[in-house]
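Some notes on the structure that comes next.
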Amino acid sequence: MLHEVLLALSGHPSPLFGSDEASHGSGDFPLLSHSEKALLASIGRLSELHRKLKRHLEAIAAKHSSIVCRAVATSVKQSHLSRFQQKIVHVESKILKRDSSMVGAYHIVPLASVVGEFDDWHRRMNWYWDVASFMSPYLDSGRKTQGMTTSSCTSAAIIDRLRAECQTGYPEIEDAATELTRVAETAWLRQLSGWIVYGKLPTHGAQDFFIRAEESTEGKTFTKNSDLLPSFVAPRTASSLTFVGKSLHQVEHHRKTNTAASVKTDQLSDVASAHLKILSQISLPITASQFSRTVSEIRLSLSRSVLQHLLPMEVTLQVLKCLRQFFLLDHGDFAMALITEAEDRLQARQQSMGRLLQQDPTRAMQNLTIKDAELSQALTRVWKSLATEGDDMDDKLLDYAQRYVVFSSAKQIASRPSTADSTSSAVPPLSPTAFNDLLFPTPSELSLKVLPPLDLFLSAPDVDTYSKISSYILAIRRGHHRLSDLWRRTPARRDHPISSAQDPEARTRTKQRAIKMRKVWATCSAAIFLLSETAAYFEGEIIRGSCNHFQQWVEKPADTANSPTAVNDNPTNAAQATTTAQRDPETLATAHRSFLTGLTYSLLLTDIAYTSTLRTLLSHIDALVAFFTHLLSLQQGLDAQIEATGHESSHTLEEEKTAALELDRARKRVDSGMRDVVGRLRGLDQERIGSGRYLELGVPSADGYEGWKGGGVDRLLMKLEFGTVVNSEKEKLLNM
């Protein structure tokens, strides 16, 4: 019977135990006493668990989608269950050798002694079964259907589960969990090494890897799924992993497509060997801090040995200068040329629209939409006007902008900068208020074509943020331009000499019109002052200060003395004798995202209330200008009619009165809009005090970068000089 017990423990079927899992001891066996049946019950449970565990582990090792789960299952089966088998052989050896600890007088082997030898394995085997069931739940509905379910766990899930089990209070479970954790993390590192050493995705278990490759119109793109990463991988480390693999992929692609590439095969091999050496120094189980340092070493080594050839500092500075000049409107002539071109096109379209409405109203309504071809033509004319001005514009920068800056219809984009690879989840979202439908009736905006390897530094969400800032500043500039243009209309602000001194009616009519227009001119003057000071504050102080601060940080070389020691071991860096080097692209990208976030916060683009009131004010200004132009046209027509016929038409007089009434209503709406804007500025001045004055991301700065901390909203309020009329019922500036 002892041999039968040992065979059953080894995983063989035995008549001592029933086929039913719930019946671990055979009640029909006549030679067993009640005490023996009770002792054999525990052995029956252990043998049944051993058989099920082996079958289930074989299925996991053969069919599971996760390479890590396969490695864990194989380790349990080959190492841990082998120890159980060795324990069985050891017990059998003690019996055969008649060891006194096992065999008693008259060569009797107590069954209790045999059962007691396996007491330590019950908890351990149950834990193995729990781990196997966690990797793939077991279906127990007959041997033909036994195996894995369709829902299997991921590599990250099993690693996190094993790391959590290492904290148990049972020594045998802790030892087994620690050993399996090493196995799981080793398999995960091997899978990861293909990505961060060679830039290649795993061929087996790719659906379980945290990086996915997607084909798009712009080529192959890589997306990150943080749910497939173990818990010891911090968000910043995950971003570095994505960056390193994507960079290596682009280096390989660049080397194949560019025969004159400066990155040679030998250099890439040396870098790969150095990175494998760095990975091999990771101690298991992995700690978050050690893994973060290792990835940082690999990132810095790659950036300072390979990526400086792929994305040199000159290219980065050029794209930053392009964004500053044409998206942040640091080149003022570009903004004015674009606004003027838009106004001319809209005016020409309105003139043709009037004729077309009489001929074909349906076609006239279809022509209201501005097509991308027209927007592209408008931008082309702007480039030509800038090129012919002969100012100090950089020709290379202008050529670069002509190739990569696009003016097209606005796409549906996210309302905030991307934070998938950023270091903080507390970034305030941008206001959903749109300013891109003021320049043209169709929502349109500037954009930049980002091609590899530039996407290592600049992402599509970053360009979307620049597009929103440019639309925002252009809308303010346009409102100021349209109001200022009213002063250029000579008949509106000057009275021509009356042809006959005996025409008192004309003098009286002109005087009455001038009196009625005083409030309109006062409102327009106040609105011009508000918009001009706002634009000067945003462009001359916020944008210029932030850009200068960021550019100084970018141009300042990174100190290699503070770099990790492993970077110095890199053979590709051994020849570097200088103590300074350019910053790596990921550090630049992280700092650039921080720069953009702080810039949008300082430009008040994150405040929904302010952007809404400003957008409403700009719409009211457009209405005011339209009614002003319409009234001026009616008055000129009325004067011409009186001069020609000697009397005015009652219909024309009625139209003039109606237009004057609408103009006065528009003036009042502009007055109210200005009060709302200034009121919201005062509210922001009260809210943004102390730590709220500047945006704090709450994370360590990227390689020492800290955002620019310049003037707050109070500086804009002081420029507007509205402080003296805070509690006044009549605002002197508006002449009310």
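Just so you know, we're using the UniProt record's numbering here: the sequence shown kicks off at 1 and counts up by one.
Don't be surprised by glycine CBs; every beta carbon is placed ideally from N, CA and C.
From what residue to what residue does the beta strand (DSSP E) around F407 run?
F407 -> beta strand (DSSP E) spans 405–409.
Inspect the beta-carbon positions of I67 and Q207 and report whether they are closer than 8 Å.
Taking 8 Å as the Cβ cut-off, I67 and Q207 do not qualify as a contacting pair.
Counting only the same chain and skipping the five closest in sequence on each side, list residues whose C-beta sits under 8 Å from that of H122.
So the qualifying residues of the chain are S42, R45, L46.
Out of curiosity, what's the CA-to-CA distance linking N573 and A234?
In this prediction, N573 scores a pLDDT of 46, lower than 50, which makes its location untrustworthy; the coordinate-derived value is nonetheless stated afterwards. Roughly 27 Å separates the two Cα atoms.
In angstroms, rounded to a whole number, what distance separates the CA positions of A514 and Q351?
Linking A514 to Q351 through their CA atoms gives a straight-line distance of about 29 Å.
Between the alpha carbons of N225 and T587, how many angstroms are there, rounded?
Put simply, the backbone Cα of N225 is about 21 Å away from that of T587.
The segment 431–447 contacting the segment 325–339, beta-carbon criterion three pairs below 8 Å
Yes: at least three Cβ pairs fall under 8 Å.
If we count the other Cβ atoms within 10 Å of its Cβ and call it buried at 16 or more, is R299 buried or exposed?
Counting of Cβ neighbours within 10 angstroms places R299 among the buried residues, the total reaching 16 or more.
Less than 8 Å between the C-beta atoms of G199 and H249, yes or no?
Contact: yes.
Which of helix, strand or coil DSSP assigns to A177
If DSSP states are grouped into helix, strand and coil, A177 belongs with the helices.
Can you give me the Cβ contacts of Y466 inside the same chain, cut-off strictly under 6 Å, excluding the 5 residues immediately before and after it?
Taken in chain order, the residues that qualify are L323, F327.
Using the Cα positions of V5 and P171, report the straight-line distance between them to the nearest angstrom.
Roughly 27 Å separates the two Cα atoms.
Cα separation between S75 and K87?
Whole-angstrom Cα-Cα distance: 17 Å.
Nearest neighbour of S136, chosen from E185, V91, R70, S305 [CA to CA]
Taking only the C-alpha atoms, the option nearest S136 is R70.
State the DSSP-derived secondary structure class of T223, mapped to helix, strand or coil.
In the structure shown, T223 sits in a strand (DSSP, three-state: E or B).
Leaving out the 5 sequence neighbours to the left and right, which residues in its chain are closer than 6 Å to S408 when beta-carbon positions are compared?
Its chain contains D372, L375 as the residues whose beta carbon lies nearer than 6 Å to that of S408, once the 5 sequence neighbours on both sides are disregarded; these appear in chain order.
Quick check on DSSP: helix, strand or coil for S444?
S444 falls in the strand class under three-state DSSP.
Could you give the DSSP three-state label for residue 771: helix, strand or coil?
Not covered by the structure: residue 771. The range shown for the chain is 1 to 736.
Would you mind sorting D227 into buried or exposed? The rule is 16 or more other CB atoms within 10 Å of its CB.
That one is exposed.
Residues near V463 by beta carbon distance below 8 Å, same chain, minus five either side
Correct list, in chain order: S447, L448, V450.
What span of residues does the alpha helix (DSSP H) with N126 cover, start to end?
Taken as a continuous stretch (DSSP letters only), the alpha helix (DSSP H) holding N126 covers 120–135.
Helix, strand or coil for N548 per DSSP?
Correct three-state label for N548: helix.
Endpoints, alpha helix (DSSP H) assigned at R482:
Where R482 is concerned, the enclosing alpha helix (DSSP H) stretches over 460–487.
Compare the C-alpha of E687 against each of K37, N126, L631, D607 and name the closest.
Answer by Cα proximity: D607.
Nearest by alpha-carbon distance to Q552: which of K321, T388, R381, D455 is it?
Closest by alpha carbon: K321.
Tell me whether E533 sits in a helix, a strand or coil according to DSSP, three-state version.
Under the three-state reduction of DSSP, E533 is assigned to helix.
My guess is that I528 and G710 are in contact by the Cβ rule of under 8 Å, so how many angstroms apart are they, rounded?
Contact between I528 and G710 does not hold, since their C-beta atoms are separated by about 25 Å, which reaches or exceeds 8 Å.
Which ranges does the alpha helix (DSSP H) cover as unbroken runs of at least 4 residues, wholly within the segment 295–325, from first to last along the chain?
Here the runs fully enclosed are 313–322.
Pick helix, strand or coil for S152, following the three-state DSSP scheme.
Taken through DSSP and simplified to helix, strand or coil, S152 comes out as coil.
What would DSSP say about Q350, mapped onto helix, strand or coil?
In the structure shown, Q350 falls within a helical segment according to DSSP collapsed to helix, strand and coil.
Nearest neighbour of A658, chosen from V677, Q635, G673, V670 [CA to CA]
Reading the sequence as shown, one finds Thr at residue 658 and not Ala. Measuring from the Cα of T658, the nearest candidate turns out to be Q635.
With respect to the alpha helix (DSSP H) encompassing T287, which residues constitute its N-terminal and C-terminal limits?
For T287, there is no enclosing alpha helix (DSSP H), as DSSP marks it with neither H nor E.
Three-state secondary structure (DSSP) of H620
Three-state result, H620: helix.
Environment of S484 [buried if 16+ CB atoms lie within 10 Å]:
Result: exposed.
Our contact map puts Y537 next to R715 with C-beta atoms below 8 Å; I'd like the distance itself, whole angstroms only.
Confirmed, about 7 Å.
Taking Cβ positions, are F243 and F291 nearer each other than 8 Å?
Cβ distance not < 8 Å, so F243 and F291 don't count as in contact.
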